[in-house]
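According to full-length UniProt numbering, the first sequence is numbered sequentially starting from 1. Backbone N, C-alpha and C fix where the C-beta goes; we use that ideal spot for every residue, glycine too. These numbers were taken from a predicted model, which means no experiment stands behind them. Structure first, commentary second.
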Amino acid sequence: MKAGMETVPGRLLRWYDGHARELPWRIGPARRIAGELPDPYRVWLSEIMLQQTTVAAVKSYFARFTALWPDVTALAAAEDAEVMGEWAGLGYYARARNLLACARIVARDLGGAFPETEEGLRRLPGIGPYTAAAIASIAFDRAAVVVDGNVERVVSRLFAVETPLPAAKPELTELAGQLTPARRPGCHAQAMMDLGATICTPKSPACMVCPVAEPCRGRAAGIASTLPRKAPKKAKPIRIGTAYVARRADGALLLETRPPRSLLGGMLGWPCTDWSEEPPLEAPPAASNWQAAGEVRHTFTHFHLRLAVRIARLPQDAAPDRGHFIPEAEFRPASLPTLMRKVWDRAAPAISEL
DNA sequence: TAGACGTGGCC
DNA sequence: TGGCCAAGTCT
């Protein structure tokens, strides 16, 4: 085959063999060619962590999780609170709840082995179309069509797809399928994602060094950097509320485990009023002397939050109707979701003076 | 099906 | 500073 005739998947694979990112959960192209495949547990764990999350943010969490729980059986046996505490700061906490649920199903019902097919994987909690395809492809070398945000971007540019997302999704999936080779599908999937992450980036793609620049129709049309098109986003409303940081005479802090399937569900947090666009009605935990300790601002996916922080010292025999005291020695701010850690950062200097 | 669901980095 | 963006899933 003449060089100019080399197919897109062929160019991509050749590029990947020389430029694959080295990642802790990955087996490099040379070892994969030699027949080695990565540990499905590590692939699964990394894929869950990487959902809507950057590689940079995931690395330290992945290291800690695999050190604490080296295999799915170990993770399945962990306490909920410990796993949620280790996930704190990574966001999208439903992922951590589903991670544990999934680990327990795999350990208990599947003998500790992950399903090797998309269909089997798809039945597990927290594994959707993308993750099922990614695990089947990367961990088991199945020719699954892996479509994440990177692939959507690469494919929409290669074929100059101007239909806005999410309407363009079926078309992009079809085109991604046409590119998926029967040979080395796992390397192909990772090559597409590496290309999207390092060269075919959202803002200023490095077309000058792109291995598929020549066949790229988006580049030829001069519109690559504007693709994929996306539907306009809605404005975020501002919600307000109050967080209460109470410290007992012995230093213990009043925290509560937030209800599952809610915002920050399953995570530890300070008792709060509800967060709404109107001033809150809910009463604070019983205490005589709440003092203002500033405000925390935090932005979630769909709203901005302004949380007033109030602090109080509670008598040793206090019996609050919500939450539970955590002894000073056991309290780890790092086990709080970021919003709640911000509240603590605001409250901590003042509360020790109380 | 569109909205809920986190966070940190970048410009 | 504030809006945008990043390896999606669930309901």
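Open item on the list: the ligand MG and Leu-307: does the residue's C-beta get closer than 7 angstroms to at least one heavy atom of that ligand?
Closed with: In the structure on display, the ligand MG does not appear, and there are no ligands present to speak of.
TODO: Identify every residue that forms a DSSP beta bridge with His-19.
DONE: For the purposes of this step, residue 19 is taken as residue 19 along the first sequence, with counting starting at 1. DSSP, once it has assigned bridges, lists no residue as partnering His-19.
Task: Stretch pair the region 320 to 339 + the region 247 to 265: three plus CB contacts closer than 8 angstroms - done: Taking one beta carbon from each stretch, the region 320 to 339 and the region 247 to 265 have 3 or more pairs nearer than 8 angstroms; the two touch.
TODO: Let me know the secondary structure DSSP gives Tyr-93 once reduced to three states.
DONE: Against the first sequence, residue 93 aligns to sequence position 93. Three-state result, Tyr-93: coil.
- [ ] Might you give, ordered along the chain, the residues of its own chain that have their beta carbon closer than 8 angstroms to the beta carbon of Ala-191, omitting 5 neighbours on each side?
- [x] The sequence position of residue 191 within the first sequence is 191, counting from 1. Result list for Ala-191: Leu-12, Leu-13, Trp-15, Tyr-16, Ala-20, in chain order.
TODO: For Met-208, count neighbouring C-beta atoms within 10 Å of its own C-beta (all shown protein chains included) and say buried if the count is 16 or more, exposed if not.
DONE: Indexing the first sequence from 1 puts residue 208 at position 208. With fewer than 16 other Cβ atoms within 10 Å, it is exposed.
TODO: Whole angstroms is fine: what's the gap from Val-8's alpha carbon to Val-154's?
DONE: Counted from its first residue, the first sequence places residue 8 at position 8. Counted from its first residue, the first sequence places residue 154 at position 154. About 11 angstroms.
TODO: Would you please state the rounded distance, in angstroms, between the beta carbons of Pro-315 and Ala-249? I believe it to be under 8 angstroms.
DONE: The count along the first sequence starts at 1 and reaches residue 315 at position 315. The count along the first sequence starts at 1 and reaches residue 249 at position 249. Indeed they touch by this definition, with Cβ atoms about 6 angstroms apart.
Task: Gln-190, DSSP secondary structure in three states - done: Translated into the one-based positions of the first sequence, residue 190 becomes position 190. Reduced to three states, the DSSP call for Gln-190 is helix.
Task: Within 8 angstroms, strictly: CB atoms of Val-147 and Tyr-130 - done: Translated into positions along the first sequence, residue 147 becomes position 147. Translated into positions along the first sequence, residue 130 becomes position 130. For Val-147 and Tyr-130, yes; Cβs fall inside 8 angstroms.
TODO: Any chance you could list the beta strand (DSSP E) runs of at least 3 consecutive residues sitting entirely within the region 254 to 282, in chain order?
DONE: none
TODO: Evaluate Glu-79 with the Cβ neighbour count: other Cβ atoms within 10 Å of its Cβ, from every protein chain shown; 16 or more gives buried, anything less gives exposed.
DONE: Position 79 of the first sequence, counted from the start, is the residue given in the question as residue 79. Within 10 angstroms of the beta-carbon of Glu-79 lie fewer than 16 other beta-carbons, which makes it exposed.
Open item on the list: Rounded to whole angstroms, what is the Cα-Cα separation between Thr-299 and Gly-35?
Closed with: Within the first sequence, numbered from 1, the residue matching residue 299 stands at position 299. Within the first sequence, numbered from 1, the residue matching residue 35 stands at position 35. When only Cα atoms are considered, Thr-299 and Gly-35 end up about 45 angstroms apart.
- [ ] Taking 8 angstroms as the cut-off, decide whether the C-beta atoms of Tyr-244 and Pro-285 are in contact.
- [x] In the first sequence, the residue the question calls residue 244 occupies position 244. In the first sequence, the residue the question calls residue 285 occupies position 285. Going by C-beta atoms, Tyr-244 is nearer than 8 angstroms to Pro-285.
Open item on the list: For Leu-264 and Tyr-93, I'd like the C-alpha separation in whole angstroms.
Closed with: Looking up residue 264 in the first sequence gives position 264. Looking up residue 93 in the first sequence gives position 93. When rounded, the distance between both Cα atoms is 6 angstroms.
- [ ] Would you check if the distance between the CB atom of Thr-325 and the CB atom of Arg-239 is smaller than 8 angstroms?
- [x] To locate residue 325, count along the first sequence from 1; it is residue 325. To locate residue 239, count along the first sequence from 1; it is residue 239. Before going further, note that residue 325 is Phe rather than Thr in the sequence given. Cβ atoms of Phe-325 and Arg-239: not closer than 8 angstroms.
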